Structure formats: structure tokens, C-alpha cells
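Undergrad: From first to last, the protein sequence lines stand for chains A and B. Okay, so the first sequence: first residue is 9 according to my numbering, each after it adds one. Okay, so the second sequence: first residue is 9 according to my numbering, each after it adds one.
2 protein chains.
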Amino acid sequence: MEIKIVKQILAWNEDVSREIRASLAEQKICLVNIMGSPGGGKTSLIKALIEQLRGHFRIAVIEADIAGRIDAEAISALGIPVVQLQTDGACHIEAQAVREMLPLFPLDQLDVIFIENVGNLVCPAEFDLGEDLRIAILSVPEGDDKADKYPLMFSTADALVINKCDMLPHFDFRPERVEQSTREINGKAVFFRLSARTGEGIPELAAWLSGRISQKKALGGFP
Amino acid sequence: MEIKIVKQILAWNEDVSREIRASLAEQKICLVNIMGSPGGGKTSLIKALIEQLRGHFRIAVIEADIAGRIDAEAISALGIPVVQLQTDGACHIEAQAVREMLPLFPLDQLDVIFIENVGNLVCPAEFDLGEDLRIAILSVPEGDDKADKYPLMFSTADALVINKCDMLPHFDFRPERVEQSTREINGKAVFFRLSARTGEGIPELAAWLSGRISQKKALGGFP
């Protein structure tokens with residue numbers, strides 16, 4: 009499958025995310041913004057979710073990277089439509105870039121679009137991309153103090169995924185610490201402990217996401 | 009030991025890093041900028057280096073975080089002078105902030121100052137802080153594709169540290185891949201494979217750093 013490449017335009021404004029949200033409400037497509045540190049497992053999680061959800065929903069992916077197209081190639085190999093956004097050094101995606109990429113997909117044949125944001129626990133959280141859901145990933149090797157040290161990402165997440173839980177025996181990491189810190193700054197987040205590598209916990213996240221995608225399809229948005 | 013806290017001023021200009029470099033050359037203090045992803049092991053590495061180097065050099069630390077003072081408290085507990093920089097959401101440090109913090113240290117009693125940058129594999133690499141050395145840390149759980157995906161950090165490092173090497177049996181990570189990718193974009197970097205947790209490989213990094221600090225003390229700079 010061909011991988012389209014778009015260069016990010018840095019001109020961005022807040023109206024664009026509203027425009028995206030209105031447009032995708034009409035088209036009843038659920039936009040999911042996946043954020044986390046470099047190497048936290050964003051691509052692996054998307055691949056695992058594709059396997060779980062592809063029988064039920066029509067999926068596409070926007071892959072954002074500073075450089076290269078390694079992740080887009082991995083997604084494309086699954087036969088899923090993917091657009092690679094190269095940010096040319098920028099540490100996040102802006103809504104303008106999403107608006108430019110959406111028409112490159114067959115929107116009338118999609119139910120959900122995953123955005124894999126640039127690996128970064130800071131800047132991506134500042135930019136509303138018109139998404140319906142934000143999933144923040146923290147992986148066990150990163151340490152359980154990250155919600156205290158990088159609060160914005162954790163305070164704005166709809167779901168917090170603790171990934172690489174198969175590595176819990178090897179690290180001094182208490183999932184309940186991160187979840188408690190997140191609860192203190194975020195009244196809406198739901199929590200998942202999983203391993204994208206082993207597949208443990210993936211069905212639970214997929215079930216939650218299925219519910220949200222179905223709701224978007226039925227209502228055109230969340231109440 | 010009291011921890012001083014400074015709020016970062018975002019006004020920054022390139023002249024400031026030159027000013028810092030000139031000032032520290034005169035004072036023969038080596039400034040070491042340590043960068044890497046959240047949870048990559050920056051604080052643990054600094055603590056391990058303090059243990060190795062404190063008998064030979066007089067050390068201070070600048071800790072930068074979006075919020076909080078967890079890392080500064082860990083360093084302060086070792087009896088090392090530390091200033092906590094809170095960036096108030098900013099994803100990197102700028103030279104202006106370093107210039108403001110330096111006078112808070114007893115500069116005539118120091119040989120080396122470590123800066124622990126904000127956990128971020130992207131933005132910190134863009135800002136020259138007047139440092140003598142840049143040490144980039146990549147930890148094994150982050151994956152061996154990071155030099156390809158976040159090239160600026162790797163292309164500007166004087167030393168690339170691969171941390172958490174005690175975890176190599178548990179991850180599909182080839183150190184030689186990262187080192188080769190780095191060599192292709194960086195002609196000067198030296199490489200260290202280590203574990204800040206077990207201490208394996210720390211003496212080699214400390215020996216290299218000792219040589220550089222001694223050179224700065226002798227010459228006021230690097231040729």
C-alpha cells in the first residue's frame with residue numbers, strides 16, 4: 009500500500025480544531041489522538057488495537073514523526089490506510105496538519121482514525137487536533153512519577169494506558185501511584201493496564217474504544 | 009540542604025549561550041547538558057556520576073522540570089548544591105534561564121555543573137545552553153530506532169549513553185543499530201553502554217568525563 013507523505017505547515021489556529029470536530033461529527037468518524045513518550049509503545053498499541061477492531065470498524069492511521077516513515081510502514085503492512093506526517097523537527101502536531109491530511113483518506117469509508125502523535129510527553133498535549141478522544145500512554149520503564157512531572161498530558165487524557173506491564177517485575181513501578189496522581193488532576197480519565205507486546209489487557213481497552221466509536225457513529229458525537 | 013527554585017523566563021537569545029560559555033571558560037567550570045526522554049534515567053545517571061566523581065571534583069546540578077521538585081530533592085539528599093528550574097509547561101530549557109541560575113551557585117568552589125534537561129527527545133536539542141558537553145541518553149526500553157526518528161538530539165551529542173542495558177535480555181534492542189545510526193549523522197560522538205541502576209559501565213563514562221573536566225580546568229576550554 010502506498011504511503012502518502014505530507015509536510016507540516018506550522019501556521020495553525022484554534023479555529024481549525026473546531027472545524028475538524030464539526031466535520032467529523034457530520035461524517036461520524038471518531039478521531040483518536042494517541043500521545044506518549046518516545047518508545048512508550050504507541051505504534052505497538054495501535055497495531056494491537058487494529059487487530060482487535062478491524063473486524064468491526066473501518067480504520068485509518070495518521071503517523072507523525074520528526075523524520076522518517078518507520079511506523080507508517082509497519083501500519084501499512086497491515087493493509088490499513090496510513091498517511092505519514094513529517095514534522096520537519098517540530099515536536100508536536102497542529103490541527104492545520106490534520107485538516108490537510110484528512111482529505112487524503114476515503115472518509116466515507118471510515119469509522120475511526122488514529123493519530124499517532126510525535127513521541128513527546130509535553131508539547132502534543134497543548135494542541136487540540138479536533139479529536140474525540142485522547143489516549144495517553146505511559147510505559148512501565150519510564151517510572152511512576154511522570155504524572156507529577158508532566159501534568160498536562162495526564163490531566164487532559166480520556167484514557168490513561170499503562171503499557172509494558174509485562175515488565176513490572178523488572179522495574180520499581182507502582183501503577184496505582186500514576187493512577188492516583190492522574191485522578192487528582194483529571195476527573196474523567198479511565199485506566200488500563202496492559203502490554204501491547206503480550207496482548208494482556210488489550211481486549212479491555214478495545215472494548216472501551218468500541219463503545220466510544222459506536223457512540224460516535226450513532227450520535228455524531230459524545231454528550 | 010535548601011533547594012532554590014527559579015521560574016524560567018522565556019525571553020532568550022543566542023548571545024546568552026555565548027556569554028555563558030565565555031564566563032565559564034574564565035571560571036574553568038565544565039557545563040554538562042544531559043538530555044533524553046522522560047524516564048530514560050537522567051537523574052539516576054547524574055546520581056551515579058556524582059558518586060564516582062565527587063572525590064575528585066566539586067559538583068553542582070541544575071534540575072529542570074515542567075513541575076515539581078522530585079529530582080532536585082533526590083540530588084539535594086546527596087549533599088550536592090542543586091537549583092530547581094520549573095519551566096511552567098515549557099518543554100526545554102533556554103540559555104537565559106541558565107544565566108539566571110548560575111549566580112545562585114558558589115561558582116568559585118565548583119569544577120562541573122550538570123544540567124538535567126526536561127525529559128524530551130526533541131526540543132532541548134535545539135537550544136545551546138553554553139554547555140561544554142552534551143550527553144544524550146537513550147534507554148533500552150525506548151527502542152533502537154530513536155536515532156532515526158529523533159535525529160537532532162543524536163546528531164549534536166558529544167556522548168551517547170545507552171542506559172538500562174541490564175534490560176537488554178527483555179527487549180528487542182540492538183545497541184549497534186543506534187550507534188551506527190548516530191555515527192551516520194554525528195562524527196564526534198563517543199558511546200557508552202551502561203546501567204545506572206546496576207552501575208555497570210558507569211566507571212567508563214566517569215573516566216571519560218573526568219578527562220574532559222580536567223581538560224577544562226587546565227585549559228579553560230576544549231581545543
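Cβ atoms here follow ideal geometry from the backbone N, Cα and C, with glycine treated the same way. Keep in mind it's a predicted model, so treat the numbers as computed, not measured.
Can you name the residues of chain A whose CB is closer than 8 Å to the CB of Cys173(B)?
TA: Here residue 173(B) is taken as the residue at index 165 of the second sequence, counted from 1. Those within 8 Å of Cys173(B) in chain A number zero; the least Cβ separation is about 13 Å.
Undergrad: Measure the alpha-carbon distance for Gly48(B) versus Lys55(B) and round it to whole angstroms.
TA: Position 40 of the second sequence, counted from the start, is the residue given in the question as residue 48(B). Position 47 of the second sequence, counted from the start, is the residue given in the question as residue 55(B). So the alpha carbons of these two residues sit roughly 14 Å apart.
Undergrad: May I ask you to list the residues that DSSP assigns as paired with Cys99(A)?
TA: By 1-based counting over the first sequence, the position of residue 99(A) is 91. DSSP, once it has assigned bridges, lists no residue as partnering Cys99(A).
Undergrad: Once you ignore the five residues that flank Ala204(B) on each side, which residues in its own chain have a CB closer than 6 Å to its CB?
TA: Taking the first residue of the second sequence as position 1, residue 204(B) is located at position 196. So the list reads Gly49, Ser52, Leu53, Ala56, Asn171, once near-sequence residues are dropped.
Undergrad: For Phe200(A), list the residues DSSP reports as bridge partners.
TA: Here residue 200(A) refers to the residue found at position 192 when the first sequence is read from its first residue. Answer by DSSP bridge pairing, in chain order: Val169(A).
Undergrad: What three-state label does DSSP hand Glu59(A) in the structure shown?
TA: Residue mapping note: residue 59(A) aligns to position 51 of the first sequence, counting from 1. Correct three-state label for Glu59(A): helix.
Undergrad: If the cut-off is 7 Å on Cβ atoms, which residues from the stretch 66 to 95 of chain A count as contacting chain B, listed in chain order?
TA: Cβ contacts with chain B come from Asp73, Ile74, Ala75, Gly76, Ile78.
Undergrad: For the beta strand (DSSP E) containing Ala133(A), name the first residue and the last one.
TA: Residue mapping note: residue 133(A) aligns to position 125 of the first sequence, counting from 1. From DSSP, Ala133(A) is part of no beta strand (DSSP E); its letter is neither H nor E.
Undergrad: Apart from the five residues just before and just after Pro132(B), which ones in its own chain have a Cβ nearer than 7 Å to its Cβ?
TA: By one-based count along the second sequence, residue 132(B) stands at place 124. Closer than 7 Å at the Cβ level, and outside the excluded window around Pro132(B), lie Met43, His100, Ile101, Asn125, Val126.
Undergrad: Tell me which residues share the same chain as Val24(A) and place their Cβ nearer than 6 Å to its Cβ, disregarding the 5 neighbours each side in the sequence.
TA: Indexing the first sequence from 1 puts residue 24(A) at position 16. Cβ neighbours of Val24(A) beyond the five flanking positions: Ala103, Gln104, Arg107.
Undergrad: Helix, strand or coil for Lys224(B)? Go by DSSP, reduced to three states.
TA: For the purposes of this step, residue 224(B) is taken as residue 216 along the second sequence, with counting starting at 1. It is helical.
Undergrad: Between Leu32(A), Asn41(A), Phe65(A), which lies nearest to Pro219(A) when the distance is taken from Cα to Cα?
TA: As a working mapping, residue 219(A) is identified with position 211 in the first sequence. The question names Pro, but residue 219(A) is Gly in the sequence shown. Ranking the options by Cα distance to Gly219(A), first place goes to Phe65(A).
Undergrad: Which of the residues in the stretch 108 to 130 of chain A, read from start to end, lie with their CB under 8 Å from any CB of chain B?
TA: Taking 8 Å as the Cβ-Cβ cut-off against chain B, the residues of the stretch 108 to 130 of chain A that qualify are Val126, Gly127, Asn128, Leu129, Val130.
Undergrad: Buried or exposed for Glu22(A), going by 16 or more other Cβ atoms inside 10 Å?
TA: Walking along the first sequence from the start, residue 22(A) turns up at place 14. It is exposed - the Cβ of Glu22(A) has fewer than 16 other Cβ atoms within 10 Å.
Undergrad: For the 8 Å Cβ check, are there 3 or more pairs between the stretch 77 to 96 of chain A and the stretch 79 to 88 of chain B?
TA: No: fewer than three Cβ pairs fall under 8 Å.
Undergrad: For Leu112(B) and Asp140(B), what's the separation of their Cα atoms in angstroms?
TA: What you label residue 112(B) is simply residue 104 of the second sequence in a count that begins at 1. What you label residue 140(B) is simply residue 132 of the second sequence in a count that begins at 1. Whole-angstrom Cα-Cα distance: 20 Å.
Undergrad: Counting beta carbon pairs with one atom in the stretch 152 to 161 of chain B and one in the stretch 67 to 77 of chain A, are three or more of them shorter than 8 Å?
TA: Touching, yes.
Undergrad: So, for Ile17(A): in the same chain, excluding its five sequence neighbours on each side, which residues have a beta-carbon less than 6 Å away from its beta-carbon?
TA: For the purposes of this step, residue 17(A) is taken as the residue at position 9 of the first sequence. Because the pLDDT of Ile17(A) is 39, which lies under 50, any placement of that residue in the model is unreliable, and the number read from its coordinates should be weighed accordingly. Gln104, listed in sequence order.
Undergrad: List the residues of chain A whose Cβ lies closer than 9 Å to the Cβ of Leu202(B), in chain order.
TA: Position 194 of the second sequence, counted from the first residue, corresponds to residue 202(B). Going along chain A, no residue has its Cβ under 9 Å from Leu202(B), so there is no contact; the nearest lies around 15 Å.
Undergrad: My guess is that Arg142(B) and Ala165(B) are in contact by the Cβ rule of under 8 Å, so how many angstroms apart are they, rounded?
TA: Along the second sequence, read from residue 1 onward, the residue named residue 142(B) stands at position 134. Along the second sequence, read from residue 1 onward, the residue named residue 165(B) stands at position 157. At roughly 5 Å, the Cβ-Cβ gap stays under 8 Å, so Arg142(B) and Ala165(B) are in contact.
Undergrad: If you drop the 5 nearest sequence neighbours on each side, which residues of the same chain put their C-beta closer than 6 Å to that of Lys154(A)?
TA: As a first step, residue 154(A) is located in the first sequence; it is residue number 146 there, counting from the start. For Lys154(A), where only same-chain residues beyond five positions count, the Cβ hits under 6 Å are Leu146.
Undergrad: Can you name the residues of chain A whose CB is closer than 7 Å to the CB of Gly97(B)?
TA: Translated into positions along the second sequence, residue 97(B) becomes position 89. Simply Leu160.
Undergrad: Chain A beta carbons: is any one of them nearer than 7 Å to that of Val24(B)?
TA: On the second sequence, residue 24(B) is found 16 positions in, with the first residue counted as 1. No, Val24(B) lies away from the interface with chain A (no Cβ there is under 7 Å from its Cβ).
Undergrad: Report, in whole angstroms, the separation of the C-beta atoms of Trp234(B) and Ala144(B), which I expect to be a contact under 8 Å.
TA: The question about residue 234(B) has no answer here: the residues shown for chain B are numbered 9 through 231.
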